[in-house]
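S.K.: Okay, here's the structure, questions in a sec.
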Amino acid sequence: MIHKIDEKELLEGAVLPLILKLALPMIIAFAFQTSYNFLDRYFVSRLGDTATAAIGMAFTVQLFLIAVGSGIGVGINSYIARNLGAGRVDQAISTALHAFVLAGVIGLGLTLGGLWIQRPLFEAMGAREELLQMILDYLTIILLFAPVVLLGMFLNNVFRGWGDTVYPMVFMVTGTVLNILLDPLLIFGLGPFPEMGIRGAALATGIARVLAVLLTLAVLFGKKIPVSLSFRKLRLSWKSVKGIFQVGVPSSLSQFLTSIAMGIVFAILKRFGEDAQAAYTIVFTYEMVAFLPILGVGQAVTILTGHNFGARKLDRLKTILFRGIQVAFTMMLLAAVVVALAPRVFAGVFAESPSVLNITAQALRISVFGYVFFSFYICIIASFQGLGLGRQYLWANLVRLYVFQIPFIFLGSIIFQLVGVWYGMLLGNFLSAGLVVAWFLYLYQKKIVEEGLQPI
Numbered sequence: 001m002i003h004k005i006d007e008k009e010l011l012e013g014a015v016l017p018l019i020l021k022l023a024l025p026m027i028i029a030f031a032f033q034t035s036y037n038f039l040d041r042y043f044v045s046r047l048g049d050t051a052t053a054a055i056g057m058a059f060t061v062q063l064f065l066i067a068v069g070s071g072i073g074v075g076i077n078s079y080i081a082r083n084l085g086a087g088r089v090d091q092a093i094s095t096a097l098h099a100f101v102l103a104g105v106i107g108l109g110l111t112l113g114g115l116w117i118q119r120p121l122f123e124a125m126g127a128r129e130e131l132l133q134m135i136l137d138y139l140t141i142i143l144l145f146a147p148v149v150l151l152g153m154f155l156n157n158v159f160r161g162w163g164d165t166v167y168p169m170v171f172m173v174t175g176t177v178l179n180i181l182l183d184p185l186l187i188f189g190l191g192p193f194p195e196m197g198i199r200g201a202a203l204a205t206g207i208a209r210v211l212a213v214l215l216t217l218a219v220l221f222g223k224k225i226p227v228s229l230s231f232r233k234l235r236l237s238w239k240s241v242k243g244i245f246q247v248g249v250p251s252s253l254s255q256f257l258t259s260i261a262m263g264i265v266f267a268i269l270k271r272f273g274e275d276a277q278a279a280y281t282i283v284f285t286y287e288m289v290a291f292l293p294i295l296g297v298g299q300a301v302t303i304l305t306g307h308n309f310g311a312r313k314l315d316r317l318k319t320i321l322f323r324g325i326q327v328a329f330t331m332m333l334l335a336a337v338v339v340a341l342a343p344r345v346f347a348g349v350f351a352e353s354p355s356v357l358n359i360t361a362q363a364l365r366i367s368v369f370g371y372v373f374f375s376f377y378i379c380i381i382a383s384f385q386g387l388g389l390g391r392q393y394l395w396a397n398l399v400r401l402y403v404f405q406i407p408f409i410f411l412g413s414i415i416f417q418l419v420g421v422w423y424g425m426l427l428g429n430f431l432s433a434g435l436v437v438a439w440f441l442y443l444y445q446k447k448i449v450e451e452g453l454q455p456i
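Residue numbers for the sequence shown follow the working numbering, beginning at 1 and rising by one.
Okay, here's the thing in structure tokens:
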């Protein structure tokens, strides 16, 4: 590929420059996506606090879609990287072609399942009629585009598995810019466009994703890359599917757990009213903004770990992880300090009412330093994924969410009322960092050093 880092460099180059070289294009892409997240929430917030809460609650289902796309996508990335590290180019190509089949089958299933479950789900979460209708108006459109969304995410990971993070940046930036341009046109009905409100935000997202995928396909099949992909070569192979699912299914399940946990937090906040739920939506938006750059670092760690593990360069694995943590920790510390210095300024970007503003500012001031501890978690699970240790990553996240975070948030809400929710989030992230560090060191010694775990 034009932007692919040479295999020799991936296996022998200095680790810190490689992490930065791989991560920077993804961080740029995520920065654009962050801008979209800000602007989308801002545009929707102009429709009122109920619309803000609707977007936040709808995101609990969107997270299932994102979980499948990013989880199976990471499985594609990891399996391609490990095969290339081991010199198995044909198997890597087969994996890339299977991305199309998986996107169609899984995407259609998510569309049908999501449309069937959305109303009873949000009624159970306590959404009243006006809020419920806004959620359904938005989410129905998002779900119809599920197969296209998955295909875009899967193909981005095909490129990343080959060591190319520049083309995915181009695709993501293109989609994000289109989304930003379409949002105000379709939400507020500017010019010749109809005023669609919250449905316009969803339709803008869907159209932008379609156009970005068309660009991806033009590059992938336009002979702009040296790897020849042709559907004539596609032979459905359980080996390829199993290799993808080994990491992809646990990664997706892990993110499903995160979606469920988010829904539980909304349920806990229900007794404090819609203002508290709207505030949590804003807090979560800022978390997504802060975490997106370190997800780029995590992707770099996964790519490097996969290639080096495939080539049995075991001496480099810990170095890759610790360098990744250094970069991610620095980013998160900077983000935490900036937000903590002016929480009311950040809260005021989205909050319409004084009540939501005050709750959001309090939540940001307390929970923001959990970002620093979360940097450890992101890099270590990225290493698990690069090693193909999907089940181990799943267990780590299960304990993180349901042994630490949710119980502490619930107990905090009972003992200290609303402020206890934010302290519970902070404490959960702190304890999670210690958990995953210990878990990685144990698994590295047991699985790789003692048992000689194989990459394929």
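Cβ atoms here follow ideal geometry from the backbone N, Cα and C, with glycine treated the same way.
Small disclaimer: the values here were computed from a predicted structure and weren't measured.
Less than 8 Å between the C-beta atoms of residue 169 and residue 17, yes or no?
M.R.: Not closer than 8 Å, so no.
S.K.: Thinking C-alpha only, which one of 391, 364 and 380 is nearest residue 419?
M.R.: That would be 364, whose Cα lies nearest to the Cα of residue 419.
S.K.: Buried or exposed, going by whether 16 or more other CB atoms sit within 10 Å of the CB of residue 184?
M.R.: Counting Cβ neighbours within 10 Å, residue 184 comes out buried, since at least 16 surround it.
S.K.: From what residue to what residue does the alpha helix (DSSP H) around residue 134 run?
M.R.: Segment 129 to 144, the alpha helix (DSSP H) holding residue 134.
S.K.: Would you say residue 278 and residue 49 are within 8 Å of each other, going by their C-beta atoms?
M.R.: In this structure, residue 49 lies closer than 8 Å to residue 278 by Cβ.
S.K.: Residues in the same chain with beta-carbon distance under 7 Å from residue 222, minus the five sequence neighbours each way, listed in chain order, please.
M.R.: Contacts found: none.
S.K.: Below 8 Å on the Cβ atoms is my guess for residue 412 versus residue 19; work out the distance and round it to an integer in Å.
M.R.: That pair is no contact at about 36 Å.
S.K.: Grouping DSSP H, G and I as helix and E and B as strand, with all else coil, what is residue 368?
M.R.: Coil, per DSSP.
S.K.: When burial is assigned at 16 or more other CB atoms within 10 Å of the CB, is residue 353 buried or exposed?
M.R.: So residue 353 counts as exposed.
S.K.: Would you kindly work out how many angstroms separate the C-alpha atoms of residue 239 and residue 68, rounded to a whole number?
M.R.: Their backbone Cα atoms lie some 20 Å apart in a straight line.
S.K.: Since residue 267 and residue 125 should fall inside the 8 Å C-beta cutoff, what is the C-beta to C-beta distance between them, to a whole number of angstroms?
M.R.: Residue 267 to residue 125, Cβ: 6 Å. Contact.
S.K.: When you compare the CB positions of residue 400 and residue 432, do they come within less than 8 Å of one another, or not?
M.R.: Contact flag set, yes.
S.K.: Report back the beta-carbon spacing between residue 262 and residue 426 to the nearest angstrom; my notes put them in contact at under 8 Å.
M.R.: So it is not a contact: roughly 17 Å between Cβ atoms.
S.K.: For the segment 136 to 148 against the segment 103 to 111, are there 3 or more C-beta pairs whose distance is under 8 Å?
M.R.: Touching, yes.
S.K.: Three or more C-beta pairs under 8 Å: does that hold for the segment 30 to 37 against the segment 292 to 302?
M.R.: Touching, yes, given that three or more Cβ pairs across the two stretches are closer than 8 Å.
S.K.: What would DSSP say about residue 351, mapped onto helix, strand or coil?
M.R.: In this structure, residue 351 counts as coil in the three-state DSSP scheme.
S.K.: Rank 406, 409 and 330 by C-alpha distance to the C-alpha of residue 375 and give the top, closest one.
M.R.: Minimum Cα distance to residue 375 is reached at 330.
S.K.: Quick check on DSSP: helix, strand or coil for residue 6?
M.R.: Residue state, collapsed to three classes: coil.
S.K.: Residue range of the alpha helix (DSSP H) that residue 238 falls in?
M.R.: Per DSSP, residue 238 belongs to the alpha helix (DSSP H) from 238 to 269.
S.K.: Is the Cβ-Cβ distance between residue 207 and residue 190 less than 8 Å?
M.R.: No.
S.K.: Under the three-state reduction of DSSP, which class applies to residue 453: helix, strand or coil?
M.R.: Correct three-state label for residue 453: coil.
S.K.: Specify the secondary structure class of residue 313 as computed by DSSP and reduced to three states.
M.R.: Of the three classes helix, strand and coil, the one that applies to residue 313 here is coil, per DSSP.
S.K.: Quick check: what's the CA-CA separation for residue 127 versus residue 70?
M.R.: In a straight line, the C-alpha of residue 127 is about 28 Å away from that of residue 70.
S.K.: To the nearest angstrom, how far is it from the Cα of residue 104 to the Cα of residue 428?
M.R.: Approximately 37 Å between the Cα atoms of the pair.
S.K.: May I ask you to report which of helix, strand or coil DSSP gives residue 324?
M.R.: Residue 324 falls in the helix class under three-state DSSP.
S.K.: Could you check which residue in 119, 122, 212 and 198 has the C-alpha nearest to that of residue 154?
M.R.: Here the closest residue by C-alpha is 212.
S.K.: Report the option in 21, 7 and 139 whose CA atom is closest to the CA atom of residue 60.
M.R.: For the residues 21, 7 and 139, the minimum Cα distance to residue 60 belongs to 139.
S.K.: For residue 442, count the other beta carbons within 10 Å of its own beta carbon; 16 or more makes it buried, fewer makes it exposed. Which is it?
M.R.: Exposed: under 16 other Cβ atoms inside 10 Å.
S.K.: Could you tell me if residue 407 is buried or exposed, where buried requires 16 or more neighbouring beta carbons within 10 angstroms of its beta carbon?
M.R.: Burial call: exposed.
S.K.: Suppose the cutoff is 8 Å on Cβ atoms and the five residues either side in sequence are ignored; what does the same chain contact list for residue 344 look like?
M.R.: Cβ neighbours of residue 344 beyond the five flanking positions: 357 and 361.
S.K.: Tell me whether residue 176 sits in a helix, a strand or coil according to DSSP, three-state version.
M.R.: Residue 176: helix per DSSP, three-state reduction.
S.K.: Would you check if there are 3 or more beta carbon pairs closer than 8 Å linking the segment 301 to 317 to the segment 69 to 86?
M.R.: Yes: at least three Cβ pairs fall under 8 Å.
S.K.: For residue 125, which of helix, strand or coil comes out of DSSP?
M.R.: It is coil, neither helix nor strand.
S.K.: Give the range of the alpha helix (DSSP H) segment to which residue 420 is assigned.
M.R.: Segment 418 to 443, the alpha helix (DSSP H) holding residue 420.
S.K.: Give the single residue among 196, 98 and 387 whose Cα lies nearest to the Cα of residue 312.
M.R.: Checking every option, the nearest Cα to that of residue 312 belongs to 387.
S.K.: Excluding five sequence neighbours on each side, which residues of the same chain lie with their C-beta closer than 6 Å to the C-beta of residue 274?
M.R.: These residues qualify, in order along the chain: 53.
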